[in-house]
Amino acid sequence: MFSQLIADVVTLWGKYGKIYLNGIKNTLILAITATAIGCLIGFICGILQTIPVSKTDNIFKRLFLGLVRVIIRVYVEVFRGTPMILQAVFIYYGVPYFFGHVFKSIWAVSLIVVSINTGAYMAESVRGGILSIDPGQTEGAKAIGMNHFQTMLYVILPQALRNIMPQIGNNYIINVKDTSVMFIIGFSDFFSIHKMVSGAIYKYFPSALIEMIGYLTLTLVASFLLRWVEKKLAGSDSYELAAGDQLVMAAGTYNSPAKGSPFDEQSKEFGKELYKGVDEGKEDGANE
Amino acid sequence: MSEHILEVRHLSKFFGKNEVLKDIDFNVSQGDVTSIIGASGSGKSTLLRCINLLETPSSGEILFHGKDVTGGGISQSAYRAKVGMVFQSFNLFNNMSVLDNCIIGQQRVLKIPKEEAKETALYFLGKVGMTPYINALPRQISGGQKQRVAIARALSMKPEILLFDEPTSALDPEMVGEVLAVMKTLAEEGMTMLVVTHEMGFARDVSSHVVYMADGVIAEEGDPKEIMVDPKNPRTREFLSRFL
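Chains as they are written, first to last, in our numbering: chain A, 345 to 632; chain B, 255 to 498.
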């Protein structure tokens, strides 16, 4: 029973391994690219949404920013509020009605759909990330004369990025799995290989097992890498005292010499090397 | 041109229907160390925030070297770069080291080359005794140290006037001393300072001018010796009696 399963999996992999791997490759490329583009869209939307408007600003700036906010709002609500599988169908089959020709590249459609979908979620995450930063940081930057753009670039966004990192990871992992719905327009991702292979030779469970292990490996590796990046972004836990105060400098920075080396005070060899010249000098002096 | 660096004229500020500042008038001259004292909620901090345009005044004028800064006659950023501010809650940039906190403004706002900015930053960090900690992040140093870095950050911009918004209120008594010592040195060196404070000792001994605020108006102002020792206004007397 168990051995039969293993035998089936081995046979499947032997026969279709390359096709599975190709599916994994497509899934990974789509998920990584779409997450990257989605983040870019999200950052642009989040930044545009948080530009402060005051009553003293001129009417054009206020109207423009108002319009931008409405557009972003609608974009977020529409793409967050409908299933991605439907969005794919909607765009792939809808475009010919308006432009008279079918999309030639399924890749392009898939990339567009997953990117703008991710962008809609990221827009809110970025906005939240920016709002989560203590207003004191903005005041500190304003007080030394930074404008809004500089404050964002040098003070707020670097801190917001750290807070958003888990969300970016979330979106990436969701994308690894959810790109599977692109099979509806014929994208050959990892999951579509399962449909193809199992449909050809009726080994549903062994193929599903391969898929499970495959997806889990992809997401676990991603989780691991994201944790590592988060740690890097958090910065070092300690810092080095700079020179200036010699006493402060010396504290705690003394490295013990290697055990048994001529410089180890506990070693019998201690001092032999160090005082060699001195002793010889003494002897010389005694001889004279 | 006016002899005063800063002139506040008929300044008032509303938060909704609540009038927090009522027709405030006062001047700051070169080298003045003005302490603003008064109970919490009397409008001291709001006044300081209005001067730095962190709050927009509802009406009135703020003249910097005779030019109104509230109407946009001078760019807000350029004005703020010349008016330093030290906050109660430090507001150091959490994503930068102590040194970078003091460099970023010079580099990005004043467009000073990084090497030169670094030298200036190191000079002022040395002045506040923070040289050993230039590589530390704000979260790794104590409150008193943070405030000293915040002072160095403001000084690095070489401001003409320095505003302090209750700089020692968030510190424990031990750390208050180290920050006050730095402020005292600055005052002795002729820095023009405007200090909102609850440290009556500082107001009396270091400042050249004291302003007592109550309910959004300046109730009494003048020489620290006179006001602290023999206040004319009964409200000032009552306020001070709680400290002495």
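Even for Gly, the Cβ is constructed at its ideal location relative to N, Cα and C.
Apply the 10 Å Cβ neighbour rule to residue i and answer buried if 16 or more other Cβ atoms are within range, or exposed otherwise.
i: ILE368/A; result: buried
i: GLN401/B; result: buried
i: ARG303/B; result: buried
i: LYS547/A; result: buried
i: ARG334/B; result: buried
i: ARG496/B; result: exposed
i: ALA544/A; result: exposed
i: TYR437/A; result: exposed
i: SER347/A; result: exposed
i: ILE415/B; result: buried
i: ARG458/B; result: buried
i: GLN590/A; result: Bear in mind that a pLDDT of 45 at GLN590/A, under 50, signals an unreliable position, so the model cannot answer this.
i: GLU555/A; result: buried
i: LEU411/A; result: exposed
i: ILE517/A; result: buried
i: SER567/A; result: exposed
What three-state label does DSSP hand residue i in the structure shown?
i: MET467/B; result: strand
i: ARG424/A; result: helix
i: ASN366/A; result: helix
i: MET509/A; result: helix
i: HIS319/B; result: coil
i: GLY386/A; result: helix
i: ASP581/A; result: coil
i: GLU337/B; result: Position check: residue 337/B holds Val in this sequence, whereas Glu was assumed. Strand, per DSSP.
i: GLY438/A; result: helix
i: GLU261/B; result: strand
i: ILE415/B; result: strand
Once you ignore the five residues that flank residue i on each side, which residues in its own chain have a CB closer than 6 Å to its CB?
i: LEU409/B; result: PHE378
i: ILE363/A; result: ILE537
i: GLN644/A; result: Any property of residue 644/A remains undetermined from this structure, which presents chain A solely from 345 to 632.
i: GLN511/A; result: SER469
i: PHE531/A; result: ILE450 and SER454
List, in chain order, every chain A residue whose beta-carbon is nearer than 8 Å to that of residue i.
i: SER343/B; result: GLY480
i: ILE290/B; result: Under the 8 Å cutoff, chain A gives no residues; its nearest Cβ is about 17 Å from ILE290/B.
i: ARG334/B; result: LYS486, ALA487, ILE488 and GLY489
So which residues on chain B does residue i lean against when the C-beta distance must stay under 8 Å?
i: ALA586/A; result: THR385, PRO386, TYR387, ILE388 and ASN389
Take residue i and list the residues in its own chain whose beta-carbon comes closer than 7 Å to its own, dropping the five residues that flank it on each side.
i: ARG413/A; result: GLN393
i: MET496/A; result: ILE391
i: ALA473/B; result: TYR466, MET467, ASN487, ARG489 and THR490
i: LYS438/B; result: VAL460
What does residue i reach in chain A if we use C-beta pairs closer than 7 Å?
i: GLN394/B; result: TYR583
i: LEU301/B; result: Here the premise fails: no neighbours, minimum Cβ distance about 15 Å.
i: MET339/B; result: ALA487
Please list the partners that residue i has in chain A, where partner means a Cβ-to-Cβ separation under 9 Å.
i: VAL363/B; result: ILE488, GLY489, MET490, ASN491 and GLN494
Given that residue i touches chain B, what residues does it touch there, using C-beta distances under 9 Å?
i: GLN503/A; result: PHE347, ASN348 and ASN349
Residues in its own chain within less than 8 Å of residue i by CB, not counting five upstream and five downstream?
i: GLN657/A; result: Any question about residue 657/A goes unanswered here, given that chain A covers just 345 to 632.
i: LEU265/B; result: LEU275, ASP277, ILE278, ASP279, LEU301, CYS304, PRO311, SER313, GLY314, GLU315 and ILE316
i: SER542/A; result: TYR548, SER551 and ALA552
Could you work out which residues of chain B lie near residue i, taking near to mean beta carbons separated by less than 7 Å?
i: GLY579/A; result: LEU391
Going residue by residue through the segment 460 to 499 of chain A, where are the continuous alpha helix (DSSP H) segments of at least 4 residues, counting only ones entirely within it?
479 to 487
Which ranges does the alpha helix (DSSP H) cover as unbroken runs of at least 4 residues, wholly within the segment 339 to 413 of chain B, from first to last along the chain?
352 to 362, 368 to 381 and 397 to 410
Kindly provide the ranges of any beta strand (DSSP E) runs that are 3 or more residues long and lie completely inside the segment 263 to 291 of chain B, ordered along the chain.
272 to 283 and 287 to 291
Runs of alpha helix (DSSP H) lying entirely within the segment 417 to 475 of chain B, each at least 4 residues, in chain order:
427 to 442 and 454 to 459
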